[in-house]
Structures are given as C-alpha cells and as structure tokens.
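Below is one structure, written out as structure tokens; comments come after it.
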Amino acid sequence: MELWLILLLTFPLVCAIIGYTTNVMAVKMIFRPYKPVKFLGFSYQGVLPKHQRHFARLLAKIIVRQFMNTADLVKSLNRPAVLDEIETLARTYVGQVVSELKEMVPEERQGMLTPEMVDMATNQILAELRRRAPELITALGDKANEVLKLEDIITEKVMGWGAQGLEGVIYQVSKKELDFIEYYGGVFGLALGVFQWMVLYLLGDVALPLVGILVGIVTNWLAIQMLFYPREPKVYLGFFEYQGLFPKRQFEMATMMGKIASKELIVPQEVFAELSDRVLPKQVDVSTVEKVEARLRLEVPAMFQMVDGLVPEENLPSLRTRLAARASELREPIRDAMVSSATRHIDVDRMLEARLQGLAKNEFETLIRGLFEREEIYLIIYGGVLGGLIGGLQLLMVGWFG
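Using this note's numbering, you'd call the opening residue of the sequence shown number 1 and step up by one each time.
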C-alpha cells in the first residue's frame with residue numbers, strides 16, 4: 001500500500017481517537033484534581049476547585065441580582081392566603097392580651113367586659129392589622145436585603161458543596177453540553193487528521209505541531225460556539241437542522257436549575273427563620289409594649305377608651321409588664337408559625353423556573369457564558385496545548401514511517 005494512502009487512513013483515525021481523548025481530558029481538567037497536585041516541580045489543581053469561591057460568589061450575584069433576593073421572597077408573601085394565616089396567629093395573641101386584661105380589671109368592673117365587647121375590640125385590632133399587613137410586608141421587604149444578605153448565604157452554600165459536589169451539580173445540569181464537547185473532539189480530530197495530512201504534503205512535517213495548536217484552538221472554540229449558536233433552529237445544506245444546545249434546552253435546564261436552587265441554595269424555611277431571628281426582638285420589654293400601645297391608641301382609639309374605662313391607671317404599668325412577659329413567651333411559637341406559614345406559600349422552584357424560562361435566548365446565553373467565562377477560556381487553551389501534542393505525535397509517526 002502506498003505511504004500516502006497509509007497516512008491518509010491512519011492520520012484521521014488516530015486524530016479522532018486523540019481528539020476525543022484530549023477533549024475528555026480537557027473537560028476533566030476543569031474539575032480535577034480537587035486538590036493541588038505537584039508534578040515535576042509544578043502544582044496543578046482543577047480550574048473550578050481552584051476558583052470555587054470566585055465561582056460561588058459569581059453564581060450568588062447572578063441569582064440575587066437577576067432572579068431572586070430576600071426582598072422578593074418577603075414581598076411574595078403579600079397574598080390573601082398568607083394574610084389569613086397572619087390574622088389567625090394574631091387572633092391567638094390578642095386572646096392572650098384579653099386574658100391579661102381581664103385579670104387587671106377590678107371585680108366591680110368585670111361586668112362591663114362582656115363577650116360582645118371583647119369580640120368588638122378583637123375584631124377592631126384584627127381589621128387594622130389586616131389593613132396594614134400588606135404595607136408592613138412591603139416595608140419589611142424594602143429592608144430585607146439589608147437585614148439578610150442572601151448573596152452571602154448562597155455563596156457559603158456553594159462552598160459547602162465542596163469541589164466534588166460542585167462538579168456533580170454542574171454535570172446534573174449540563175452533562176449533555178459537556179458530552180457534546182467531548183464527542184465533537186473526536187469529530188474535529190477526524191477533520192484535523194485530514195487537514196494535517198494535507199499540511200504534511202504541502203508544507204512538510206515540521207509544520208504539524210504548529211498546525212495542531214491552531215486547529216486545537218479553533219476546533220474547541222467552534223465546539224463552544226455550537227453550544228450557543230444558532231439560537232433558533234436553522235437548516236443547513238437543505239436538510240440538516242441544527243440549534244445550539246443551550247438555547248435548545250433552555251426550558252429543560254431552567255426546570256433543573258430551579259429545582260437545585262430551591263433545594264440547595266434558597267431554602268425558604270431557612271431564609272425566613274434567619275430573617276425572623278434578625279427582625280423580631282429577642283426579648284420584648286415594657287418599652288416595646290409602650291411603643292405598640294402608642295401606635296394603637298392613634299389607630300384604634302375606641303378600643304383604648306374601653307381599656308382606660310376598665311383598667312385603673314395605677315394598674316397599667318403592671319399590665320404592660322405582664323404583656324411584655326407574655327409576648328416574650330409567645331415569641332418562639334409565633335416565629336415558628338410565621339416561618340411555617342411563609343414556607344408553605346412560597347414556591348421558589350416555580351418562581352426561578354419561570355424567570356429562567358422567560359429569559360430571551362441572548363439573555364440566557366449571557367447568563368451561562370458569564371458564569372463559565374473563565375472555564376471557556378481554559379477549554380480553548382487546553383485545546384491548543386493538546387492539539388500541539390497531537391501534532392507532535394503525528395511528527396513522530398511520520399518519522400517512524402520514514
């Protein structure tokens with residue numbers, strides 16, 4: 001068999017195998033090794049493990065700035081079902097207040113505190129609370145981002161995954177795209193083999209490593225571009241339809257990303273528990289009761305006319321002290337009930353999924369590329385390095401064949 005034919009058959013086949021293998025290695029080098037490894041005096045660590053904090057902070061910024069922050073979570077509670085549960089919780093506490101009030105009313109005035117009067121006062125307070133609840137939720141939402149930095153929580157959660165956990169999450173979302181890069185390493189390697197066979201006869205064998213570097217860079221760059229473009233299905237050669245993998249799988253990826261974020265990163269129960277701990281006072285003292293009383297005297301004056309008529313002025317300090325103590329006792333159960341109620345009515349999964357699916361194709365591309373910009377550059381560099389190695393191997397093959 002003629003030498004040129006042997007080389008034509010072997011170059012593409014060997015390059016396809018090496019192209020696939022080197023792209024698998026390039027993808028793995030993004031994630032592995034998890035910890036620095038020394039070799040011949042050099043230290044190497046996978047790109048993501050080495051820069052995990054940067055990646056975690058970047059991911060947290062994208063989520064908080066574009067999709068979900070503490071204020072969004074709080075303001076999403078402004079719905080009838082949540083307000084109904086808040087009213088139910090408040091009714092329990094108002095009942096406790098009435099019990100304390102009864103004990104402060106002298107015997108000769110007990111007859112004035114009829115069930116009808118108690119119901120009227122209770123309903124007045126609850127009606128005022130219901131009226132102001134949306135305003136209070138909005139006000140809390142406006143301050144929520146300052147009170148609780150969701151970005152910091154997400155960053156630490158991603159760091160808590162560790163390098164192996166982060167690799168698992170990325171593969172869970174984008175395994176098809178990573179496999180695409182690996183498989184097309186073989187396809188482009190095949191083309192590289194034919195191209196380098198031509199270079200061998202046109203420019204001589206010395207050019208093989210240089211061409212290998214060039215083709216390795218270009219082919220990896222092309223593989224990455226094919227992940228994003230075209231954004232819409234496009235027909236090539238009259239019959240072959242193709243669409244970039246990321247835009248093609250946007251809805252599918254949005255669903256997976258929403259589920260991961262809601263289970264691993266933005267857990268409503270944890271967020272609301274932490275927020276309530278920072279917002280609610282640890283201990284309710286008399287001064288707090290006096291502030292609430294002053295506000296309520298302005299908003300429901302009729303009720304306090306009744307209280308002033310029932311409770312002697314000298315008993316009011318004692319009543320405030322007892323109310324403060326009772327409020328402190330009820331803090332934990334009320335906090336737990338509020339967190340439970342808020343958690344039941346928030347579907348972070350669906351909220352994030354809808355927002356991701358609602359992105360335009362170019363916005364979704366910007367999101368993904370912004371997140372993996374560093375890794376994309378490394379993949380292209382690795383393609384050039386490994387392409388040069390392929391060229392060097394081919395140079396040895398040419399020398400071996402003579």
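Note that the Cβ used here is the ideal one computed from N, Cα and C, for glycine as well.
Alpha carbon of residue i to alpha carbon of residue j, nearest angstrom
i: G168; j: Y93; result: 47 Å
i: I266; j: H54; result: 19 Å
i: R130; j: F251; result: 39 Å
i: Q283; j: R350; result: 37 Å
i: S262; j: V218; result: 38 Å
i: I346; j: S76; result: 7 Å
i: F239; j: P230; result: 16 Å
i: K176; j: Y184; result: 12 Å
i: Q164; j: N23; result: 20 Å
i: V74; j: V311; result: 38 Å
i: A223; j: Y236; result: 17 Å
i: Y242; j: Q225; result: 13 Å
i: S174; j: S328; result: 49 Å
i: P317; j: D336; result: 29 Å
i: A207; j: W197; result: 11 Å
i: Y44; j: K143; result: 44 Å
i: M256; j: F42; result: 38 Å
i: L150; j: L59; result: 12 Å
i: A324; j: L280; result: 14 Å
i: Q172; j: V348; result: 19 Å
i: I137; j: K291; result: 19 Å
i: V361; j: F188; result: Val is not the amino acid found at residue 361; the sequence shown has Lys there. Going by the C-alpha atoms only, they are around 27 Å apart.
i: G392; j: T10; result: 15 Å
i: V64; j: T21; result: 38 Å
i: R403; j: L140; result: Outside the shown range of the chain (1 to 402) lies residue 403, about which nothing can therefore be said.
i: I390; j: I260; result: 39 Å
i: G407; j: M117; result: The displayed coordinates of the chain run from 1 to 402. Any statement about residue 407 would go beyond what the structure contains.
Nearest-angstrom Cβ-Cβ length linking residue i and residue j, presumed shorter than 8 Å
i: A302; j: Q124; result: 7 Å
i: L319; j: M104; result: 5 Å
i: V398; j: L203; result: Going by Cβ atoms, the distance from V398 to L203 rounds to 12 Å, so no, they are not a contact pair.
i: V14; j: I181; result: About 20 Å; that fails the 8 Å criterion.
i: G470; j: L227; result: Past the boundaries of the shown model lies residue 470; the chain is included only from 1 to 402, so the question cannot be answered.
i: I380; j: N220; result: 5 Å
i: R322; j: E100; result: 5 Å
i: A133; j: I86; result: 6 Å
i: I62; j: G370; result: 7 Å
i: E135; j: E299; result: Actually they are not in contact, since the Cβ atoms of E135 and E299 sit about 12 Å apart, beyond 8 Å.
i: E313; j: K157; result: The pair is not a contact, with the Cβ atoms about 54 Å apart (cut-off 8 Å).
i: G258; j: L352; result: 4 Å
Residue environment, residue i, which counts as buried when at least 16 other CB atoms sit within 10 Å
i: T155; result: buried
i: A81; result: exposed
i: E232; result: exposed
i: T70; result: buried
i: D84; result: exposed
i: W405; result: Coverage of the chain is limited to positions 1 through 402, which leaves residue 405 absent and any answer about it impossible.
i: Y382; result: buried
i: R249; result: buried
i: V289; result: buried
i: M338; result: buried
i: M68; result: buried
i: P115; result: exposed
i: L178; result: buried
i: P247; result: buried
i: Q394; result: buried
i: V194; result: exposed
i: R79; result: exposed
i: A478; result: Given a span of 1 to 402 for the chain in the structure shown, any question on residue 478 remains unanswerable.
i: R32; result: buried
i: M253; result: buried
i: L356; result: buried
i: G95; result: exposed
i: I6; result: exposed
Residue(s) in a DSSP beta bridge with residue i
i: F39; result: F42
i: F240; result: Y236
CB contact check: residue i to chain C, cutoff 8 Å
i: F372; result: Note that chain C does not occur in the displayed structure, where there is just one protein chain.
Query raised in the report: Does the stretch 372-387 come within contact of the stretch 41-48, defined as at least 3 CB pairs closer than 8 Å?
Result: yes
Query raised in the report: Does the stretch 264-280 touch the stretch 329-343, meaning 3 or more C-beta pairs lie closer than 8 Å?
Result: yes
Query raised in the report: Do three or more CB pairs link the stretch 355-367 to the stretch 31-40 at distances below 8 Å?
Result: no
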